[in-house]
Amino acid sequence: MPALKDKYDNEIVPGLKEHLGRNNPMSLPRVEKVVVSMGVGLALQDKKRIETSTKDLATIVGQRPVVCRARKSVSNFKVRAGNETGVKVTLRGSRMYEFLERLLHLAVPRIRDFRGLNPQSFDGRGNYSMGLSEQSVFPEIDPDGIEHPQGMNITVVTSARTDSEALELLTRFGFPFRT
1022 MPALKDKYDN EIVPGLKEHL GRNNPMSLPR VEKVVVSMGV GLALQDKKRI
1072 ETSTKDLATI VGQRPVVCRA RKSVSNFKVR AGNETGVKVT LRGSRMYEFL
1122 ERLLHLAVPR IRDFRGLNPQ SFDGRGNYSM GLSEQSVFPE IDPDGIEHPQ
1172 GMNITVVTSA RTDSEALELL TRFGFPFRT
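Per my numbering, residue 1022 is the first one in the sequence shown, and the count goes up by one each step.
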């Protein structure tokens, strides 16, 4: 069992019961899934970029990503419907907890000039999104082997009813929010 899942069961649930005033543990907010995506806009000029992004994302999360294709043609961006434009992966269960643990304890401390995560990045329904400017903050990626730095978006989907409940949940998980 991942350590973060164990922490949720033994520490966070009792703390949230007291903080939110609820007795039913199923009514408490929990992390449902984590979606990690990389938009690879330059894949139109170089097809190899999609392959390297797929390989890097699979190395980081431990699961094979799905290649995303453009739905519509946009002439201003020189994109046609069906072009490969990015990769994404959805994590649930133990892989999700293991990824969050590596993100919080290994990757976030390695971000340059890090001043904390933005507490305003909730969507109004309890889901939190953050962006990383390059994949080299993860220890699984060899910085010397990176040809093109590639950013990624990470969305943490929770079952919280409000942003304040989600903020409380993620703070108890150890997300380093700015004050």
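A virtual CB, placed ideally from N, CA and C, is assigned to each residue, including glycine.
Every value quoted in this text rests on a predicted model; they were computed, and no experiment measured them.
Alpha carbon of residue i to alpha carbon of residue j, nearest angstrom
| i | j | result |
| --- | --- | --- |
| residue 1172 | residue 1067 | 17 Å |
| residue 1133 | residue 1166 | 19 Å |
| residue 1137 | residue 1199 | 5 Å |
| residue 1097 | residue 1047 | 48 Å |
Three-way DSSP call (helix, strand, coil) for residue i in this model
| i | result |
| --- | --- |
| residue 1135 | coil |
| residue 1100 | strand |
| residue 1153 | strand |
| residue 1207 | Residue 1207 is absent from the model: the chain starts at 1022 and stops at 1200. |
| residue 1061 | coil |
CB contact flag (residue i, residue j, <8 Å)
| i | j | result |
| --- | --- | --- |
| residue 1053 | residue 1180 | yes |
| residue 1102 | residue 1091 | yes |
| residue 1086 | residue 1110 | yes |
Same chain, Cβ closer than 6 Å to residue i, five either side skipped, listed in chain order
| i | result |
| --- | --- |
| residue 1195 | 1125 |
| residue 1100 | 1091 |
Cβ shell of residue i (< 8 Å), same chain only, five flanking positions each side left out
| i | result |
| --- | --- |
| residue 1061 | 1070, 1071, 1074, 1105, 1106, 1107, 1108 and 1171 |
| residue 1034 | 1046 and 1049 |
Other residues of its chain near residue i: CB distance less than 7 Å, five sequence neighbours each side excluded
| i | result |
| --- | --- |
| residue 1128 | 1158 and 1159 |
Three or more C-beta pairs below 8 Å linking the stretch 1151-1170 and the stretch 1027-1044: no
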